[in-house]
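Mapped onto mature numbering (1 follows the signal peptide of the UniProt record, and there is no 0), the consecutive letters of the sequence shown carry residue numbers -17 to -1, 1 to 146.
For each residue, glycine too, the CB sits at the ideal point set by N, CA and C.
The structure appears below as structure tokens.
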Amino acid sequence: MRTILIIFLMGIGSVSAQNTMQLSEGQESPSASLKEVAWIEGSWSGEAFGGTAEEIWSAPLGDSMMFVFRLVNDNKVSFYEIGHIQQLGNSLILQLKHFDGNLKGWEDKIETVDFKLVKLEKNKVYFEGLTMELVDKNHMNVYVLIEENGEAEEILFAYSKKP
């Protein structure tokens, strides 16, 4: 598996770790429903890592909101992600898998990268190490805590909604 914990919802910039959260040991995820995060639906794009990032989210259906993602550099796909926010009991979980430009998986066949729900506010959802915030109807910020070589850095990914 890659040394990067996750690269998800691309954008630009880095900030200190003040926008992401973790569950305390023994703490359970709060109650939530997909209706409360339905604002994520749509086609989003932004600049990232010298290329163009594109993310497409479906409306809630079948206890999930699915998404696909791609990062394109020099007119070639660098990698894809496929995932979902799933209703899990009375709460939500975000799960994803990475693939290279030829759809070769990064994670083992049965492995997913999981983000448990920590907190939910109006137009803002906190998963462990990943926060999504609707800035306005056409802009979404995503903060991702990325760990590499034992160091953690919170990255801001800024998206604009595509028409």
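Exposed or buried, residue i, counting other C-beta atoms within 10 Å across all chains shown (16 or more means buried)?
| i | result |
| --- | --- |
| residue 118 | exposed |
| residue 110 | buried |
| residue 17 | buried |
| residue 12 | buried |
| residue 103 | buried |
| residue 59 | exposed |
| residue 66 | buried |
| residue 85 | exposed |
| residue 150 | In the structure as shown, the chain starts at -17 and stops at 146, and residue 150 therefore has no counterpart that could be examined. |
| residue 130 | exposed |
Give me the Cβ distance between residue i and residue j, rounded to the nearest whole Å; I'm assuming they're in contact under 8 Å.
| i | j | result |
| --- | --- | --- |
| residue 116 | residue 106 | 7 Å |
| residue 101 | residue 20 | Not a contact, Cβ separation roughly 13 Å. |
| residue 113 | residue 35 | Residue 113 to residue 35, Cβ: 21 Å. No contact. |
| residue 164 | residue 70 | Outside the displayed range of the chain (-17 to 146) lies residue 164, so it cannot be described from this structure. |
| residue 90 | residue 80 | 5 Å |
Assuming contact is defined by CB atoms lying nearer than 8 Å, are residue i and residue j in contact in what I supplied?
| i | j | result |
| --- | --- | --- |
| residue 82 | residue 63 | yes |
| residue 137 | residue 128 | yes |
Which ranges does the beta strand (DSSP E) cover as unbroken runs of at least 3 residues, wholly within the stretch 9 to 71, from first to last along the chain?
If you keep only unbroken beta strand (DSSP E) runs of at least 3 residues inside the stretch 9 to 71, you get 25 to 31, 34 to 40, 47 to 56 and 59 to 71.
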